[in-house]
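In our numbering, the protein residues as written are 1423 to 2445.
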Amino acid sequence: MKDGEGRRSCAPRYLRRLATVACVWLVVCAGAPAGAQTPGPVAIAPFANVSQEPADDWISDGITEALATDLWGLGVTVADDAALRNALDPAASPPPPEDAAVAASRVLGARWLVLGGYQLLGGEIRITARLFDVAAGIVHGTAKIDAPLDDLFQAQDELATRIGELLPGGGNVVAERRDAPRARGETPAERGSAPVGRGGGAIRSRPPGALGGGGRRATAPPAEGEGFAERDGNAVTGVLELPGAPGNRGTGSGDGGNQAGRDRQRTAGRTRSGGGLGGFAAAPNVQRAATIGFAAQAPQIDGRLDDSVWETATHITEFVQVAPIEGAPGTEETEVWMAYDRDNLYFAFYAHYSDPGMMRANRADRDEIRGDDRMAILFDPFLDQQRAYQFEVNGYGVQSDSLVNADGSRGASRSRSMMSRSSSRSASGTSRSSGGSGLSNSGQFGIRGDDSWNALFTTSGRVVEDGWTAEMAIPFKSLRYPQRAAAETHRWGFQITRVIRGKSEAQAWSPISRGVAGQLTQFGILDGLRELSRSRNLEILPELTGAQLGSLDTNTGAFNVPDPFGDLGVSVKYGLTPNLTADFTYNPDFSQIESDQPQIETNQRFALFYPEQRPFFLEGQEIFQTATTLNLMHTRTVVDPRFGGKLTGKVGNTTLGVVVADDEAAGRLDDAGDPRYGTTAQTVVGRARYDLYPESYLGAIMTSRQFGDDYNRVGGIDGRFRLGRTHRFSFLAVNSSTRDREFGETTAPAFEADFIRQGRNFGYNASYSDIDPDFWTQTGFLPRVNLRQASTTVSYRWWPESTLITWGPSLTYLRLFDHSGVLQDEQIQTTTSFSFQRNISITANANRDLERFGEVDFRKTGYGAFGVISARLLSVVGGFNVGDGIFYDETSPYRGRLTSANFLISGRPTSRWRAELTGIYNKFFNPLAGTDVYNVQIYRFRSTYQFTTRMLVRYIAEHNTLARTLGNNVLFTYRINAGTVAYLGYDDRYRQGRLIDELRFPHDRFERTNRAVFGKLSYLFRY
1423 MKDGEGRRSC
1433 APRYLRRLAT
1443 VACVWLVVCA
1453 GAPAGAQTPG
1463 PVAIAPFANV
1473 SQEPADDWIS
1483 DGITEALATD
1493 LWGLGVTVAD
1503 DAALRNALDP
1513 AASPPPPEDA
1523 AVAASRVLGA
1533 RWLVLGGYQL
1543 LGGEIRITAR
1553 LFDVAAGIVH
1563 GTAKIDAPLD
1573 DLFQAQDELA
1583 TRIGELLPGG
1593 GNVVAERRDA
1603 PRARGETPAE
1613 RGSAPVGRGG
1623 GAIRSRPPGA
1633 LGGGGRRATA
1643 PPAEGEGFAE
1653 RDGNAVTGVL
1663 ELPGAPGNRG
1673 TGSGDGGNQA
1683 GRDRQRTAGR
1693 TRSGGGLGGF
1703 AAAPNVQRAA
1713 TIGFAAQAPQ
1723 IDGRLDDSVW
1733 ETATHITEFV
1743 QVAPIEGAPG
1753 TEETEVWMAY
1763 DRDNLYFAFY
1773 AHYSDPGMMR
1783 ANRADRDEIR
1793 GDDRMAILFD
1803 PFLDQQRAYQ
1813 FEVNGYGVQS
1823 DSLVNADGSR
1833 GASRSRSMMS
1843 RSSSRSASGT
1853 SRSSGGSGLS
1863 NSGQFGIRGD
1873 DSWNALFTTS
1883 GRVVEDGWTA
1893 EMAIPFKSLR
1903 YPQRAAAETH
1913 RWGFQITRVI
1923 RGKSEAQAWS
1933 PISRGVAGQL
1943 TQFGILDGLR
1953 ELSRSRNLEI
1963 LPELTGAQLG
1973 SLDTNTGAFN
1983 VPDPFGDLGV
1993 SVKYGLTPNL
2003 TADFTYNPDF
2013 SQIESDQPQI
2023 ETNQRFALFY
2033 PEQRPFFLEG
2043 QEIFQTATTL
2053 NLMHTRTVVD
2063 PRFGGKLTGK
2073 VGNTTLGVVV
2083 ADDEAAGRLD
2093 DAGDPRYGTT
2103 AQTVVGRARY
2113 DLYPESYLGA
2123 IMTSRQFGDD
2133 YNRVGGIDGR
2143 FRLGRTHRFS
2153 FLAVNSSTRD
2163 REFGETTAPA
2173 FEADFIRQGR
2183 NFGYNASYSD
2193 IDPDFWTQTG
2203 FLPRVNLRQA
2213 STTVSYRWWP
2223 ESTLITWGPS
2233 LTYLRLFDHS
2243 GVLQDEQIQT
2253 TTSFSFQRNI
2263 SITANANRDL
2273 ERFGEVDFRK
2283 TGYGAFGVIS
2293 ARLLSVVGGF
2303 NVGDGIFYDE
2313 TSPYRGRLTS
2323 ANFLISGRPT
2333 SRWRAELTGI
2343 YNKFFNPLAG
2353 TDVYNVQIYR
2363 FRSTYQFTTR
2373 MLVRYIAEHN
2383 TLARTLGNNV
2393 LFTYRINAGT
2403 VAYLGYDDRY
2413 RQGRLIDELR
2423 FPHDRFERTN
2433 RAVFGKLSYL
2443 FRY
């Protein structure tokens, strides 16, 4: 009996093990508390004198005492500030170090901590405060007060009110106490009786007047084990900024004060327990909420904020930092207005700068604004916290769009850069995501998404004296959202972000904590959408292509140029429902306008991965990604489709995806007598995911590729479970069934699982992969089988949040055995990374490895570093690795010295012109022979000039020193939108004569090997 047949029962065994593990998790977690938060005592640290003027130090004690008294008046138990001061380092001047203050508050038994500072500017005072969740060690919310110094007492009272509103249940209590009738002259704190202490530890009640304030009396605190009265299970805090005209910032309009009062008391959102599977449920932060108003007249999208609609639109001005100082108020003023009608969502932006010289804004092609300052709008229409749409715009109105996934993956996003950091790779050959919905380590570059997704929307922007303004119109047809009755209100997850590259600063409307893994659970709520258009989206995209190709005939030495040719194709997209879309394409043009990035192909043990570039396959690809890194759908296996069909969307809580395509390239065989000659291969991929609760699901996947009588079919289940704020568990269990005329029939399983903790400071992950020797996927990408791999990474990060934003080390350990029990790989790697302000980062690593090849164990040691320096006019990225390497000769492999390096220098001489020079260097040295085995250098120059927002020209030159090749490419683009575009291009390829044919070309001159002149025209019709 064959080995493959003997292992056919492995899949059921894996599934039984998986079911057992899942049942244990459910039993354990079902009995766990849902994790609803009960507010407890509040500790108040001394406020910092930011101005550092000794004459102003007295204000610190005044703010602290007044804040404590006012919070008592709102029914909050306050920790003794003397106990907190004693617990901290007596030599430390205020404010105490953030981590020390949180740790001291935790020891004292406090549930919350207030840290803040104040600054005097002439006759004005600014007071800022951050409310920390002591148990989690994260920022829960922020407050900022600006007032004349003469109104200091009123500012202190307002600060207490803001802090009270941030506490769970506090918004309702503040509103009730503010609106309750009282005797003339009575202060809010003078209602009620004296507080009753909790007793024990350092949490003690304060007698009336102990904090000063003229004998104010505090109301009774909550009973033991309680804080403010719990909100309704579906409630979160929310504040809606008053609408205001662009020219009259900070003033209300529209419904006036009554509307503001209603909005401040609004409660909307999700239960803290998420409503699913006991302890598995995520516990999101307190979220903001905003109500969007209806626009009687649509604005003209021209970047000017002079339309009448903005005078009554919802106005948002409160933004807090994600980086560099988490939770602090934004350093630059930001204003956003929003409104909607039946067909579109409308947004206006005003990005202010105290120093306009730091602004980064460039005219660029669509999706090419990552290096610019920008504003972004994000929607989670299903409020399921699984994925979100992101729409971005820069100061010149250049737009970008992407999909943000719950696991932080970016799908098959097309990236022009050849630069990448060295990272741990899974057994399946793809980088593992640390989770987190796309937030970078420091958070300073905003939320990353999969930019292969393209939507139709309109943007315009203009640079003004103190910054830039922009407008955006997003058609509802470009989104998928739940069906609702016309009068029923939609409630979407919602976020607004701003990136200021010159300050390494990222701002968010709904606060984002690094102590919570993932972005989507920290979104705010967008309310008020109703009577949306129910028309079904129909898009028809005809495409006309033409080309003339030439090639060198190496037999005769002649360069042949056949007649030009043309072709016609069409794609159709139809919205079956607002959240379910069908796509069909016939005779698509899959010529690659954007070519693959060059990679070092010399001396590679495993196949290299080249990402998908073709729009039909890119859109919706995130649906087919599984919970782990095993890639079961790599659509580049479909080389030349004649037709393709796709169904993607969501029905209830289930996300669905089906892709069908044929492949004419499979039938182009050398043997004309083969019965499969001239036939096509059929590929089918099916996917379903059932959403359990935020960022968690159970799914199933099926893939099939059939060519003649041969086939390969893979099927199985996967799942991702968010466990509280910082943990995540994922798994994939699949089985392949293959019939091949050369290898016969085989059935084999594969299993992967990982457990990840991503916190503000401490993080780790543990993963396991088990792939059978006979497992095979012909629709995916799997460079290696026959393995049992276990790996773990532990990391810690400090957050000075000053010139040095964050830094920390990590340690990775990996062991890989084959199914015979022989150790094949072992790796120990340590890495230390630093992120600074002004877009500077440095990473260094060292590793000690064992790699078995050709029945020989090779011990290897290596060192490397990677760095980024990004400025407005010039950016430099570079890295290197030096150490032992293996020359992968099948008969006699040996160890040598491997040196690799890469760099990217990017310059912007003007806002319209961008130039990049990229280099890749790879050298292998044989110490026994004392010579280089190979020395590969690849250089790529790319220059783009943007004449207008729609029109650009691009030039690429590329040289490979080993292959002795040279390429030139010129492309002219005129783009009206994501679908309507015209291309005209020229491509020329050369190679050194001796390497083509030394007898016919006995010289070192470059000979033309290929030439192409091509054009493409597509026009999108939308109904």
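Glycine included, every Cβ here is placed at the ideal spot set by N, Cα and C. Bear in mind that the values here come from a model prediction, so they are computed numbers and not experimental data.
C-alpha distance - residue i paired with residue j, whole-angstrom precision
i	j	result
phenylalanine 2239	tyrosine 2115	36 Å
tyrosine 2119	proline 1590	28 Å
arginine 1956	alanine 1761	19 Å
aspartate 1579	isoleucine 1567	10 Å
phenylalanine 2038	glycine 2352	51 Å
phenylalanine 1804	threonine 2076	11 Å
tyrosine 2441	threonine 2007	14 Å
valine 2403	tyrosine 2396	6 Å
glycine 1634	tyrosine 1811	Its pLDDT being 33, under 50, glycine 1634 is placed unreliably by the model, and nothing is read from it.
leucine 1530	leucine 1489	19 Å
valine 1464	alanine 1525	14 Å
arginine 2260	glutamate 2338	20 Å
phenylalanine 2173	arginine 2109	18 Å
asparagine 2025	asparagine 2344	10 Å
leucine 1960	lysine 1899	9 Å
histidine 2425	glycine 2415	6 Å
arginine 2163	isoleucine 2139	28 Å
threonine 2446	arginine 2206	One cannot answer for residue 2446 here, as it falls past the ends of the chain, which runs 1423 to 2445.
Close beta carbons around residue i, own chain, < 7 Å, minus the five adjacent residues each side
i	result
valine 2299	Met1841, Val2290, Phe2325, Leu2326
valine 1921	Asp1795, Arg1796, Phe1867, Gly1868, Ala1928
Beta-carbon proximity list for residue i, same chain, < 6 Å, skipping 5 on both sides
i	result
glycine 1538	Phe1469, Thr1550, Ala1551
valine 1744	Gly1865, Ala1928, Ala1930, Ile1934
leucine 2417	Arg2386
glutamate 2034	Ala1834, Leu2040, Thr2057, Arg2058
alanine 2436	The sequence shown places phenylalanine at residue 2436, rather than the alanine named in the question. For phenylalanine 2436, where only same-chain residues beyond five positions count, the Cβ hits under 6 Å are Ala1969, Gly2407.
aspartate 1555	His1562
phenylalanine 2394	Val2375, Leu2406
Buried or exposed (CB count within 10 angstroms, at least 16 for buried), residue i
i	result
asparagine 1982	exposed
asparagine 1977	exposed
leucine 2350	exposed
proline 2331	exposed
aspartate 1806	buried
arginine 2336	buried
serine 2217	buried
glycine 1779	exposed
serine 2191	buried
Proximal residues to residue i (C-beta, below 8 Å), its chain only, five neighbours per side dropped
i	result
arginine 2413	Ala2385, Arg2386, Thr2387, Leu2388, Phe2428, Glu2429, Thr2431
glutamine 2246	Leu2209, Leu2238, Phe2239, Asp2240, Glu2273, Arg2274
Any chain D beta carbon closer than 8 Å to residue i
i	result
glutamine 1917	As a matter of chain content, chain D is missing from the structure shown, which is built from one protein chain.
8 Å Cβ cutoff met for residue i and residue j
i	j	result
glycine 1817	alanine 1783	yes
glycine 1819	glycine 1883	yes
glutamine 1808	aspartate 2005	no
leucine 1574	glycine 1545	no
glycine 1586	leucine 1496	yes
serine 1482	glutamine 1541	no
phenylalanine 1771	alanine 1892	yes
phenylalanine 2153	alanine 2175	yes
Supposed close pair residue i, residue j - CB separation, criterion 8 Å
i	j	result
glycine 1868	leucine 1825	Not really, about 15 Å apart at Cβ, beyond 8 Å.
glycine 2230	serine 2255	7 Å
asparagine 2001	lysine 2072	5 Å
leucine 1942	glutamate 2117	6 Å
alanine 1569	glutamine 1576	7 Å
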